[in-house]
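For the record, in the sequence shown the residue sitting at position 70 is 414 according to the numbering used here, with numbers rising by one throughout.
Each residue gets a CB set at the ideal place from its N, CA and C atoms; glycine is no exception.
All values derive from a computational prediction rather than experimental measurement.
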Amino acid sequence: MQRRIFLNGSMDINGNTARLANLVRDLEYVPIHLSEFHINQIRPEYDQQQDDFKKVMNQLILADDIVIGTPVYWSSMSGYLKTFIDRFADVLDAPLSGKRVYLLVQGTAPEDAIPYITNVIRHICRRFHMKYMGLATNSSEAFKLHDLIVNEK
Ligand SMILES: Cc1cc2nc3c(=O)[nH]c(=O)nc-3n(C[C@H](O)[C@H](O)[C@H](O)COP(=O)(O)O)c2cc1C
Numbered sequence: 345m346q347r348r349i350f351l352n353g354s355m356d357i358n359g360n361t362a363r364l365a366n367l368v369r370d371l372e373y374v375p376i377h378l379s380e381f382h383i384n385q386i387r388p389e390y391d392q393q394q395d396d397f398k399k400v401m402n403q404l405i406l407a408d409d410i411v412i413g414t415p416v417y418w419s420s421m422s423g424y425l426k427t428f429i430d431r432f433a434d435v436l437d438a439p440l441s442g443k444r445v446y447l448l449v450q451g452t453a454p455e456d457a458i459p460y461i462t463n464v465i466r467h468i469c470r471r472f473h474m475k476y477m478g479l480a481t482n483s484s485e486a487f488k489l490h491d492l493i494v495n496e497k
């Protein structure tokens, strides 16, 4: 049984990003809405941080497929997602190797943001030896990602 999680970077847990994820998802799918967790900005004294970062990271470590969704805010990924990703620097030896990563980007005119957001996600995939599987920005691409996930069993 594959463990799949949806890491939602939107402020709206029932918004367009979550709706797009619903088209991708399969049965055993756990949503993690970053807006519901308290995750601090990166700090020099990283091991002292009392927040939810490790709780969320542990969910990623348990997953086989990680669907990362973000709305576009001012031509960028959401701050929720960027704050979380910055904190990966606190756990450079996290056992994420081999996990499959799928990216969802939602925006009214997301074209300018897509290369940047994709580049960041590809960067963390390379650094943590995860496998970047692809991007969906609309429903037809989301259905293709769904097929990709199901066929990757
Ligand atoms: C603060 C803010 C900034 C935004 N900036 C952009 C933008 O630069 N480009 C874009 O395509 N959409 C932008 N949008 C629109 C959202 O990306 C879009 O409504 C998205 O579908 C919201 O997803 P959600 O419902 O999951 O929050 C912005 C929305 C907000 C709230």
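Check: residue i C-beta below 6 angstroms from any heavy atom of ligand 1
| i | result |
| --- | --- |
| V416 | yes |
| N360 | yes |
| K438 | Strictly speaking, residue 438 in this sequence is Ala, with Lys absent from that position. No; taking the cut-off as 6 angstroms, the Cβ of A438 has no heavy atom of ligand 1 nearer than that. |
| A486 | no |
| G353 | no |
| Q450 | yes |
| S483 | no |
| D408 | no |
| H365 | In the sequence as displayed, the identity of residue 365 is Ala instead of His. Not under cutoff, so the answer is no. |
| D356 | yes |
| S379 | no |
| A453 | yes |
| S419 | yes |
Close Cβ partners of residue i (< 8 angstroms) along its chain, the five nearest in sequence each way excluded
| i | result |
| --- | --- |
| C469 | V445, K475, Y476 |
Contact with chain C by residue i, beta-carbon distance below 7 angstroms
| i | result |
| --- | --- |
| P388 | The displayed structure is made up of one protein chain only, and chain C is not part of it. |
Among the options, the one whose alpha carbon lies nearest that of residue i
| i | options | result |
| --- | --- | --- |
| D356 | Y424, L492, D491 | Y424 |
| F428 | D409, P459, V464, E455 | V464 |
| S419 | V494, G451, T481, A365 | G451 |
| D456 | D437, V494, V416, E485 | V416 |
| M401 | I493, F432, Y373 | F432 |
Spatial neighbours of residue i in its chain, beta-carbon cut-off 6 angstroms, leaving aside the 5 residues before and after
| i | result |
| --- | --- |
| H490 | V368 |
Cross-strand partners of residue i (DSSP beta bridge)
| i | result |
| --- | --- |
| A480 | L448 |
| V368 | For V368, which the question treats as bridged, DSSP gives no partner whatsoever. |
Chain-order list of residues whose beta-carbon lies under 7 angstroms from that of residue i (same chain, five-residue window excluded)
| i | result |
| --- | --- |
| T462 | L447, L479 |
| Q393 | N384, R387 |
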